[in-house]
């Protein structure tokens, strides 16, 4: 049999059409396309792809089931280790994980594992499947704080093990960054809602509008729960600390995206939350969040949406696919430029930038940008979005003094067990690592669930004296 | 599937119209009521298409499990809220948010409330009174008909002054005029001012030469209210602060009121558009 050299392309909305709506860009495989793509898998004995997956999905097994059109079994295979496949199929950086190790990828395009995962996951969300069997109730209770990828995963795994789980969310909708951060055109909110629904179908109880740290302290939770998991993410927006940054018309990416995504401000005035759009919008930063913001600005009607980044495209932390999509849509890239001052009186008018060039590599291994003498220039704008990263959410560490943190504000944990310095308290995801990926947070949620299970069981033995 | 969602129905238990546009709502929120401290606030969202709006607390009762908020029906959301009735439910209420007011034995504290800012003074005055302070309250409004909560405040202070811009009740003039008299004649250890940004700025300017420690409670625009978006950022002593978590109370002498006012104007056009649309389409509108 001759193997296709390239992956079966996934249908998508063309750039001209999609910048006028917030609907998903990539439309997903049909059953025929999925089977055709799955057949490209060589079913290698040593399964290198699995070693690249942070949650160890049995990739060759599920792909084989797809070739046999046994789709329900394929999704069940994935769900043995991955609770949120419809999300992972869309936002995982597969090129740095599973497909990076794909044997086929050594000569041709690797198997499009993410697209296959998405296909079977979406099919299940459409058709519905009986929930995965759960262990006998243990009578133990765990509190999970934060319903983003880490929290959802920890909650699902703990529920599967038979524990009673309450999931606390500060906002009015569950999903964390999946709901407030990642735009609908990349991850539809119905998909997030459906995955949250799956986690709840395992018996997890969701409490929204509860700000742990304000309404309940961690110590209070420990009185009613056998263990607490903190997965409150990287919700603290970083600013550049330059003059003019607090002028009206300057948004943090978090605010811009929360308004657009969680609050559906793109539907204003049908939805009540307003959002400012500009004709000339500048987004500062080079990560996925910056791409999301720049692409959101276009969809809100910007005539020109520009990414301002201090290094070159090669050093951008955003996924190649996201950069490509942004460019297709007409986002412009102003590289080697660093804002030094934001100008305006009642509203932002311009950004003064410093021209940069690349010097020797820094501690991140990327070439360090250094200013070019006399290279300042001015960019006229009427909206600025600052997307230079987020720090760990300080709310819980601030009000939990015996929870040890690192200098950057992340919660200290034992890497293996996710255990914090505080008895019975575990943490994982961006709150312990700083801004990382959805799948890394899920992987931490899994590790934490395992060790919370251990801890609760051990605690039980200790308590009964056996 | 939705069976596991714990929906706390935030029922409106009591509704009162205090003045022509100030409304009082007593909302069922047992968990929040247990934890409220003076100076804190809530964020509510009426329903699915609704926006999240911060509202200061005029009172709370842990025994009854209620929180009380007073608001002006000036925008689309507040008008909609004012149109709700007893037994209606609000979809989402989050709180208590913000850092509580500093309650200590200061000595003589003067609390200044302008317009809607009168409401959140009440829990603060009560707590300061219980902490053994001598309490003077000055409240002011444009006109007599816009004043409220006089009896409540009277019950927790040693001296109450009233000012109106048009002189229809109490002293003709502004709250700051009354404060100015007290500053020259009385020993004051602390001033707490809540009201429109212009009023708080004038009070900060009045107390500065006397070196009287002064705090103001800021009414910035917010979205999540938990420190995630930075919509509410203000500059205090040259540093960027988030009103929702670092505040809402700040040292009045260090707040950049000019910036606060500029940022409060961010959505004027959208607010007007939403309100006009609501008044055109909502039932019962003229």
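Protein chains in written order, with my numbering: chain A, 1 to 466; chain B, 1001 to 1286. Where a beta carbon is used, it is the ideal one built from N, C-alpha and C, also for glycine.
Scanning its chain for C-beta atoms nearer than 6 Å, with the 5 sequence neighbours on each side dropped, one finds around residue 1120(B) the residues 1056 and 1194, in chain order. Here residue 137(A) is exposed: its Cβ has fewer than 16 other Cβ atoms, across all protein chains shown, within 10 Å. Your pair residue 46(A) and residue 86(A) does not check out as a contact, with CB atoms roughly 28 Å apart and the cut at 8 Å.
Minimum Cα-Cα distance from residue 1091(B) among the listed residues 1115(B), 1188(B) and 1027(B) corresponds to 1027(B). Under the three-pair Cβ rule at 8 Å, the stretch 1030-1043 of chain B counts as touching the stretch 1092-1104 of chain B. Residue 1105(B) counts as exposed, since fewer than 16 other C-beta atoms from the protein chains shown sit within 10 angstroms of its C-beta.
Residues of chain A whose Cβ lies closer than 7 Å to the Cβ of residue 1262(B) are, in chain order, 248 and 346. Here the alpha carbons of residue 1165(B) and residue 179(A) stand approximately 47 Å from one another. Around the CB of residue 2(A), fewer than 16 other CB atoms lie within 10 Å, so the residue is classed as exposed.
Inter-residue distance for residue 252(A) and residue 277(A) is about 14 Å (C-alpha atoms, whole angstroms). Under a criterion of Cβ atoms nearer than 7 Å, no residue of chain B is adjacent to residue 179(A); the nearest Cβ is some 12 Å distant. Contact annotation, residue 348(A) with residue 281(A): C-beta distance approximately 10 Å; criterion of less than 8 Å not satisfied. Under the DSSP definition of a beta bridge, residue 1159(B) partners with 1136(B). Contact annotation: the stretch 421-430 of chain A touches the stretch 442-449 of chain A, with at least three C-beta pairs closer than 8 Å. Interface with chain A (8 Å Cβ-Cβ cutoff): residue 1076(B) is included. Proximity of residue 455(A) to chain B, defined by a Cβ-Cβ separation below 8 Å, is not satisfied. Contact between residue 206(A) and residue 169(A) holds, with the beta-carbon distance rounding to 7 Å and staying under 8 Å. With three or more CB-CB distances shorter than 8 Å, the stretch 1134-1142 of chain B counts as touching the stretch 1152-1170 of chain B. Secondary structure at residue 229(A): strand, using DSSP grouped into helix, strand and coil. With a threshold of 8 Å between beta carbons, residue 1094(B) makes contact with chain A. Contact between the stretch 90-104 of chain A and the stretch 38-54 of chain A is present: 3 or more CB-CB pairs across the two stretches fall below 8 Å. Look at residue 62(A) here: in three-state DSSP terms it is helix. In the three-state DSSP reduction, residue 1092(B) falls in the strand class (E or B).
Neighbourhood of residue 1035(B) in chain A, by CB distance below 7 Å: 215, in chain order. Judged by pairs of C-beta atoms under 8 Å, the stretch 1254-1272 of chain B touches the stretch 1190-1208 of chain B, as three or more such pairs exist. If you look at residue 119(A), you'll find it in the alpha helix (DSSP H) that goes 113-127. When beta bridges are read from the DSSP output, residue 186(A) appears opposite no residue. Excluding its 5 nearest sequence neighbours in each direction, residue 209(A) has C-beta neighbours in its own chain below 8 Å: 169, 170, 171 and 172, listed in chain order. Apart from the 5 residues on each side of it in sequence, residue 304(A) sits with its Cβ closer than 6 Å to the Cβ of 280 in its chain, given in chain order. Around the CB of residue 152(A), 16 or more other CB atoms lie within 10 Å, so the residue is classed as buried. Residue 1210(B) is classed as exposed because its beta carbon has fewer than 16 other beta carbons within 10 Å across all chains shown. Exposure of residue 375(A) is indicated by the presence of fewer than 16 other C-beta atoms within 10 angstroms of its C-beta. Residue pairing for residue 376(A): DSSP places it in a beta bridge opposite 354(A). The continuous alpha helix (DSSP H) containing residue 71(A) extends over residues 71-79. The alpha-carbon of residue 1096(B) is positioned some 51 Å away from that of residue 102(A). Per DSSP, residue 1071(B) lies in no alpha helix (DSSP H); the unbroken beta strand (DSSP E) holding it starts and ends at 1066-1072.
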